[in-house]
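Accompanying notes for the structure given below.
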Amino acid sequence: GATAETCTAICKANGFVLAGLEFGGECWCDSYMSLANLVPDTDCSSICDGDHTELCGAGNRLAVYQ
179 GATAETCTAI
189 CKANGFVLAG
199 LEFGGECWCD
209 SYMSLANLVP
219 DTDCSSICDG
229 DHTELCGAGN
239 RLAVYQ
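Each residue of the sequence shown is one higher than the one before, starting from 179 at the first, in my numbering.
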C-alpha cells in the first residue's frame, strides 16, 4: 500500500516535483498544481493503505507532497 513516503519517492524517481495521494492509496504525480484548487487539510480523511497512522486524501481530494 501507498504512503506519503513511497508515493513521493516514486514521483521523484520519475522526474516529477509533486506527489499526491487519493482514496487512501492512489499515488498521482505531476509537476504543477493550481493554487485555486486548495482545500482544507481536514478534507483529506482517508486512512493510508500502507500506514494506518497517516491520512491519504479522500474522494476527489489529494494529499499533496513535495
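We put the beta carbon where it would ideally sit given N, CA and C, even for glycine.
Whole runs of the alpha helix (DSSP H) within the stretch 182 to 209, excluding any shorter than 4 residues: Fully enclosed alpha helix (DSSP H) runs of 4 or longer: 182 to 191.
Going by the CB atoms, is the gap between C222 and L196 shorter than 9 Å? Their beta carbons are not under 9 Å apart, which means L196 does not touch C222 by this criterion.
Is N238 closer than 9 Å to E204 when the C-beta atoms are compared? No. Outside cutoff.
When you compare only the Cα positions, how much space is there between D227 and T220? If you draw a straight line from the Cα of D227 to the Cα of T220, it is about 18 Å long.
Go to V242, then tell me how far its beta strand (DSSP E) extends in each direction, as first and last residue. Following the DSSP letters along the chain, one finds V242 inside the beta strand (DSSP E) bounded by residues 241 to 243.
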